[in-house]
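For the sequence shown, our numbering gives the first residue as 182, with consecutive numbering after it. Just so you know, even glycine gets a beta-carbon here, dropped at the ideal spot from N, CA and C. Treat the numbers as computed from the prediction; the structure is a model and nothing was measured.
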Amino acid sequence: SLVWIDAGGSMQIGPESAGAMPGPVCYGMGGEEPTVTDANVILGYLNPDFLVGGELELQADKSSEVFQEKVANRMGLDLAHAAYGAHQIVISNMIRAIRAISSERGRDPRDYALFAFGGNGPLFAAGMAKALDMRRIVVPPFPGLFSSFGLLYADVEHHYSRSMMQVLRDAEPSALNDIWGGLEAEARAQLTADGYRPEQIDIRRTANMHYKGQIYELSVPAPDGDFDPDKVAELEERFGVEHERTYGHRAGPEEPVMLVNAQLIGRAIPDHPPVPDRLKVMDSRTGTQSSTRQAYFGPELGWLEAKVLARTDLASTNLGGEQTGPIIVEEYDATCLVPPGATAKQDDFGNIIIELPE
């Protein structure tokens, strides 16, 4: 994403991107506008000699020159402070999506671990977790390939939906049975055609609902089995509970609840999970032994000497396993940043587990 200064003199990130071609300034392929990648090079987070295993050598001096001219000078900041500001803005933008599926739905992010994947996820994860007051981060093996891995190993699912738009308490149980029963028949027929046996098929019902007059819906699990008046009342109660958890309140029992969509997921459960117990993690170190590099951790801490490790070092008995930041973990497909005071180790499944201080 491009880093730019708006008319009011504030730093902005994106939505425009340099793309893969010409890419960031540091790629040396003709890019002329500063990017988030250039900021991370300036901060010392990315190794100019080891991106994608050293196949792409970055030109850090060009990043510094362009970032100084087009960002730092215009804001009256020194180079490191400007680059760190870009890094922090990216974190702020990314946590909006997490808040949208957690705190804005009545779920406290502090009750969860942050799962960091993608080529850049582990680089920003610690800052995101700190902003959300989360304490644990999990970085899976091969984080840059994790989405592709998930695509190949995900369960087979088929999703079905039928529009309803009626007051739930006025709905005839027989009509609800016909609708969800029809969706289930479609799902079972499709999964059977996919080659799965009846005992391998799992059916989950959900309902999109809102109070009459609202313009947003909540999705809640719908009861299994045949509907009767008691199950209709149970579905309405489930909506009330979810509404209170999400928004902090619920309407009185006299308020009509609208059933917007009847939904169903048909999922195939394989006899043997295709995912191995542990992925073999290769040693992707930059040289014959671990090294250090100067990295910038904000105006309070400034430049610090960060250990540069491979993922396998975090399980190495020679290094004692668990390590304390600042650490930069370099892999072929991703870079993981462990800030000062945080600890990192590799668990039995090859995941990097980062614990932030209280």
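Just verifying my parser: in three-state terms, what is the DSSP assignment at H391?
Strand at H391.
For a quick check, are the C-beta atoms of E436 and Y392 less than 8 Å apart?
Yes.
Buried or exposed: where does N301 fall if 16 or more other Cβ atoms within 10 Å of its Cβ makes it buried?
Buried is the call here.
Going along the chain, which residues of its own chain have a beta-carbon closer than 6 Å to the beta-carbon of I547, five neighbours each way excluded?
As displayed, the chain neither begins before 182 nor continues past 539, which places residue 547 out of reach and without an answer.
Euclidean distance between Cα positions of L416 and G363:
Between L416 and G363, the C-alpha separation is close to 19 Å.
Strictly by DSSP, which residues pair up with S244?
In the DSSP assignment, no residue is bridged to S244.
Cβ of F248 within 8 Å of Cβ of P205?
Taking 8 Å as the cut-off, the Cβ atoms of F248 and P205 do not count as close.
Output the boundary residues of the beta strand (DSSP E) element that contains R369.
Counting along the chain, R369 falls outside any beta strand (DSSP E), though it belongs to the alpha helix (DSSP H) covering 354-374.
According to the Cβ coordinates, are Q504 and A476 closer than 8 Å?
Cβ atoms of Q504 and A476: not closer than 8 Å.
From the DSSP output, in three-state form, read off N254 for me.
Helix, per DSSP.
Within its chain, find whatever has a CB closer than 8 Å to the CB of L224; leave out the 5 residues flanking it on each side and keep chain order.
Here the set comprises A261, A264, Y265, H268, A476, Y477.
First through last residue of the alpha helix (DSSP H) which encompasses L304:
302-312 is the extent of the alpha helix (DSSP H) around L304.
Within its chain, find whatever has a CB closer than 7 Å to the CB of G211; leave out the 5 residues flanking it on each side and keep chain order.
Answer for G211: P203, listed in chain order.
Can you confirm whether the stretch 479-489 touches the stretch 504-513 when touching is taken to mean that 3 or more C-beta pairs between the two stretches lie within less than 8 Å?
Enough Cβ pairs lie closer than 8 Å, so yes.
Pairwise C-alpha distance: I270 and L183:
A direct Cα-to-Cα measurement between L183 and I270 gives close to 12 Å.
CB of I186 within 8 Å of CB of M275, strictly
In this structure, the beta-carbon distance from I186 to M275 does not fall below 8 Å.
Secondary structure of V176, DSSP reduced to three states
No answer is possible for residue 176: the residues shown for the chain start at 182 and end at 539.
Taking the alpha-carbon positions, what's the D259 to L333 distance?
If you take the alpha carbons of D259 and L333, they lie about 46 Å apart.
Which residues DSSP lists as bridging T524, in chain order:
In the DSSP secondary-structure assignment, T524 is bridged to T505, E536.
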